[in-house]
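Asks: What follows is a structure written as structure tokens; I'll ask about it next.
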Amino acid sequence: MALALGAQALTASQSEAADDRSAVAQQASDIKFDSSDARLQQLIKQLGSPQYTVRRAAASEIHKIGPEAFDRLHAATEDADPEIAASAGYLLRQIAVRWTRSDDSVLVRRLLRGYSDRDDADRQRIIQMLAGLPEGEGVAGLCRVARFDRSPLLSRLAAMAIIQSDNESAGQAPASVPIDQEIIDRELGESTREASRWLRQFQIQLRDPAASVAGWQHLIDEEAKRIDTEFDQTSPAIVSALWWNLADVHRRLGETGPLVDVSDRLLAVGSSDSEIFLGTFLQWLVQHESWDAVEQFAAKHTARIEKSKRTLYLLAMARTKQDQREAAEEVAQRAAKLAPTKPLDGLEAAQLLVALGQFDWAVREYQVGIEGQPIEAVSTIGARMLLSNLLQDYERYDEGADAIAPLVEAMEQNPDVERAYASAQGELDFLPKGEVLVARLHFLRACHFEQEHDFKSQREELLEAIKHDETDADVLIAMYRVGDADDAWMADTRKRIRKLSKEIEDQIDDRPEEPIYYNQWAWLIANTEGDFPKAVRLSRRSLELAPGTASFLDTLGRCYFSAGDIKNAVKSQREAVAVIPHMQVMQRQLRQFEQALAEQQGSEVGGRRSEKVN
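What follows is the structure, given as structure tokens:
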């Protein structure tokens with residue numbers, strides 16, 4: 328594998344060097360041709376000439392001008408003259424866009440290599456990956472996509488990815504590093520595409536948010552008109568994203584009235600499910616402690632808010648943050664008693680409460696979904712599973728086991744319940760296979776016995792767990808760490824770890840673009856024994872394929888820690904916690920790493936003092 332990766336790196340390096348040489352040659356060629364707007368207009372008009380030689384000469388010169396002709400050609404594809412439109416479309420496809428630059432990072436060059444040859448779905452995936460890169464690493468590449476992608480829709484998505492990276496709309500976390508406006512200027516050049524107009528308006532927003540408001544309103548109104556007439560170029564989701572950005576501008580400016588007015592526009596455009604939007608907008612206001620806006624928004628939509636568990640809980644959360652605890656509990660109790668309007672309303676409300684860190688309210692909501700309900704109901708099955716996961720996260724393992732034990736027992740005794748569980752898996756993607764669920768029950772019991780220092784019972788439960796699911800890395804990790812283990816136990820455990828690690832490596836070879844397998848291998852090895860530097864490499868690879876994934880960052884932290892790089896372990900773990908702050912297991916790992924780093928730094932200081940004395 329090391330040789331293969333080395334060969335890939337060499338090939339990438341050679342390809343990048345070739346790209347750079349090609350770029351230099353193209354730049355030299357460009358200098359010879361007039362790419363002024365007037366000249367391009369003349370050449371494009373000549374594409375419709377009745378004389379073949381004139382058409383051919385114009386096409387040849389436009390081709391040599393290259394990317395600078397992109398905007399005019401793109402506009403000409405809708406020319407009234409079918410000859411001009413057809414020729415412009417052909418030439419547009421022939422333009423060789425320089426998607427990479429020598430100062431791009433290795434990852435950006437890897438993502439953008441051969442970008443033009445990919446289909447729309449793959450290009451959209453690349454946009455998402457560029458947007459997920461840290462510290463603005465993908466901004467230049469996104470600007471190129473916004474300027475040159477042949478799809479107006481993808482061009483707009485790339486621009487929105489940059490705009491959203493700096494705002495906090497719809498729960499979007501802002502970038503830690505400010506957007507470099509010089510990069511936007513350099514990459515857009517003289518582009519007149521709609522996406523380029525948005526990015527220039529975004530530059531105004533960065534310099535003077537108040538001055539950007541009127542321009543944004545005009546641009547959004549223009550885009551909204553296109554939804555029905557130019558559906559291949561835009562979408563309601565894009566218009567909604569533009570409104571969210573403007574809402575964030577008003578929020579930062581403290582303009583409560585205009586902010587609530589924008590919510591009406593979002594409600595009209597944004598979602599067929601007004602309940603989801605109301606909850607999302609209210610959650611966003613609560614998150615940013617925009618209390619005046621919360622009161623105005625809640626007063627305006629009181630009737631709707633009172634009909635939904637989700638929105639009532641968010642209102643209760645607002646009261647909590649405002650230190651109105653009695654009022655918060657009263658609203659939360661109303662939410663718990665409210666009959667769900669949809670089958671899975673209770674589950675969704677409880678998951679929201681978990682994300683908000685409201686453990687007691689979440690437990691109560693799950694219990695409401697369990698008590699007195701048929702054990703085979705989809706919502707009941709989901710409530711048991713999610714409640715068990717929540718209790719496990721808070722290290723209440725015995726209670727977590729109790730939540731799913733009745734379900735496991737019913738499935739073993741009643742084939743109808745087993746079939747109902749299998750059917751529920753089609754609706755709830757977080758439900759594991761039946762055997763995996765049984766393994767999870769025994770694992771939770773094992774964790775409880777570990778807390779009780781009953782290592783004999785712990786080992787018995789772990790053996791039951793691994794019998795039902797040999798691929799559960801957490802069970803193997805617990806087996807590796809179990810107390811009072813003899814040599815035979817450890818030898819068997821190491822054998823199982825080697826077997827599973829080999830199986831995961833085979834999965835990596837079969838599906839090298841699937842990030843989960845890199846993460847699984849790294850997590851297993853970093854928590855047991857093996858090649859820790861390789862675990863770091865594979866963990867980093869998972870994040871290249873899925874940037875910003877919290878669980879993958881959590882794994883990378885553990886890999887660094889096992890490899891002895893405690894400083895980077897803390898850095899990665901803090902990034903993971905920032906993405907999912909309510910996950911207690913991630914918080915515990917962060918505390919472990921921070922304590923180890925403090926001890927290491929204290930030891931280093933003590934060592935230097937000792938040297939000084941000597």
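So in our numbering, the last one in the sequence shown is 941, and the numbering has no gaps at all.
Even glycine gets a Cβ: it sits at the ideal position worked out from N, Cα and C.
#1: Assign H545 to buried or exposed, taking buried as 16 or more other Cβ atoms, counted over all protein chains shown, within 10 Å of its Cβ.
#2: Between L438 and F879, what straight-line distance do the alpha-carbon atoms span, to the nearest angstrom?
#3: Helix, strand or coil: which one does DSSP assign to F397?
#4: Taking 8 Å as the limit between beta carbons, can you name the residues of its chain near L593, skipping five residues before and five after?
#5: Would V721 be called buried (16 or more neighbouring beta carbons within 10 Å of its own) or exposed?
#6: Which ranges does the alpha helix (DSSP H) cover as unbroken runs of at least 4 residues, wholly within the segment 777-813, from first to last along the chain?
#7: With burial defined as no fewer than 16 other Cβ atoms inside 10 Å of the residue's Cβ, what is the status of D881: buried or exposed?
#8: Is R637 near G684, with beta carbons less than 7 Å apart?
#9: For A423, is the classification buried or exposed, using 16 other Cβ atoms within 10 angstroms of its Cβ as the cut-off for buried?
#10: Can you tell me which of V802, T583, T380 and E633 puts its alpha carbon nearest to the alpha carbon of L768?
#11: Give me the Cα-Cα distance between A662 and E692, rounded to the nearest whole angstrom.
#12: Around the C-beta of S869, are 16 or more other C-beta atoms found within 10 angstroms, so that it is buried, or is it exposed?
#13: So, with DSSP's three-state summary, where would you put A350?
#14: In its own chain, which residues sit with a C-beta less than 7 Å from the C-beta of F782, not counting the 5 before and 5 after it?
#15: Could you have a look at H615 and say whether DSSP puts it in helix, strand or coil?
#16: Can you give me the C-alpha to C-alpha distance between D858 and T556, rounded to a whole angstrom?
#17: Are the CB atoms of V705 and E754 within a distance shorter than 7 Å?
#18: Determine, using beta carbons only, whether I873 and A862 come nearer to each other than 7 Å.
#19: Measuring straight from C-alpha to C-alpha, what distance separates A659 and T668?
#20: Ignore the nearest five residues each way along the sequence and tell me which others in R348's own chain have a CB closer than 6 Å to its CB.
#21: Apply the 10 Å Cβ neighbour rule to E698 and answer buried if 16 or more other Cβ atoms are within range, or exposed otherwise.
#22: Starting from G727, trace the alpha helix (DSSP H) in both directions and tell me its first and last residue.
#23: Rounded to the nearest angstrom, how far is the Cβ of L917 from that of Q928, given a contact under 8 Å?
#24: Can you give me the C-alpha to C-alpha distance between L533 and D512, rounded to a whole angstrom?
#25: Excluding sequence positions up to five away, which residues of its chain have a Cβ less than 7 Å from the Cβ of I547?
#26: Can A458 and A486 be called in contact, C-beta distance under 7 Å?
#27: Given that a residue counts as buried once 16 or more other Cβ atoms are within 10 Å of its Cβ, and exposed if not, what is R885?
#28: Helix, strand or coil: how does DSSP classify F360 here?
#29: What residues in its chain sit with their C-beta under 6 Å from that of E726, if we drop five residues either side in the sequence?
#30: If T427 and R420 are in contact, beta carbons under 8 Å, what's the gap, nearest whole angstrom?
#31: Mark K640 as exposed unless 16 or more other C-beta atoms lie within 10 angstroms of its C-beta, in which case mark it buried.
#32: Using the Cα positions of H615 and E509, report the straight-line distance between them to the nearest angstrom.
#33: Provide the residue span of the alpha helix (DSSP H) that contains L642, from first to last.
#34: What is the residue span of the alpha helix (DSSP H) that F686 lies within?
#35: Assuming I392 is part of the alpha helix (DSSP H), what are its boundary residues?
#36: When you compare only the Cα positions, how much space is there between H390 and P759?
Replies: Let me spell this out:
#1: Around the Cβ of H545, a 10 Å sphere holds fewer than 16 other Cβ atoms; the residue is exposed.
#2: So the alpha carbons of these two residues sit roughly 20 Å apart.
#3: Correct three-state label for F397: helix.
#4: Residues S567, W570, W571, A574, F604 and F608 of the same chain have their beta carbon placed closer than 8 Å to that of L593, with the five preceding and five following residues left out of the count.
#5: In the sequence as displayed, the identity of residue 721 is Tyr instead of Val. Exposed: under 16 other Cβ atoms inside 10 Å.
#6: Complete alpha helix (DSSP H) runs here, min 4: 782-795 and 800-808.
#7: Buried is the call here.
#8: Going by C-beta atoms, R637 is not nearer than 7 Å to G684.
#9: Label assigned to A423: exposed.
#10: Per the Cα distances, V802.
#11: Whole-angstrom Cα-Cα distance: 9 Å.
#12: Classification of S869: buried, given that the 10 Å Cβ count is 16 or more.
#13: Because the pLDDT of A350 is 42, which lies under 50, any placement of that residue in the model is unreliable, and the number read from its coordinates should be weighed accordingly. Helix.
#14: Only residues of its own chain outside the window of five on either side were considered, and among them V809, G810 and D811 have a CB closer than 7 Å to the CB of F782, listed in chain order.
#15: Reduced to three states, the DSSP call for H615 is coil.
#16: Approximately 58 Å between the Cα atoms of the pair.
#17: Cβ atoms of E754 and V705: closer than 7 Å.
#18: At residue 873 the sequence reads Ala, which differs from the Ile that was named. No, these two residues do not count as a Cβ contact at 7 Å.
#19: Rounded to whole angstroms, A659 to T668 spans 17 Å at the Cα level.
#20: Note that R348 has pLDDT 39, beneath the 50 cutoff, so the model's placement of it is unreliable and the number below is only indicative. No residues qualify anywhere along the chain.
#21: Burial call: exposed.
#22: Start and end: Y724 to Q740.
#23: By a beta-carbon distance limit of 8 Å, L917 does not contact Q928. Their separation comes to about 16 Å.
#24: About 13 Å.
#25: Closer than 7 Å at the Cβ level, and outside the excluded window around I547, lie V566, L569, W570 and L573.
#26: Their beta carbons are not under 7 Å apart, which means A458 does not touch A486 by this criterion.
#27: With 16 or more other CB atoms across the displayed protein chains lying within 10 angstroms of its CB, R885 is buried.
#28: Note that F360 scores 48 on pLDDT, short of 50, meaning its location in the model is unreliable and no value can be drawn from it.
#29: Excluding positions up to five away in sequence, the list reads L718.
#30: T427 to R420, Cβ: 20 Å. No contact.
#31: Going by the sequence as given, residue 640 is Tyr instead of Lys. Y640 comes out buried.
#32: Whole-angstrom Cα-Cα distance: 30 Å.
#33: First-last of the alpha helix (DSSP H) with L642: K636 to K648.
#34: Here the alpha helix (DSSP H) through F686 covers F686 to I697.
#35: Counting along the chain, I392 sits inside the alpha helix (DSSP H) bounded by residues Y379 to I392.
#36: Distance between H390 and P759, taken at the CA atoms: about 56 Å.
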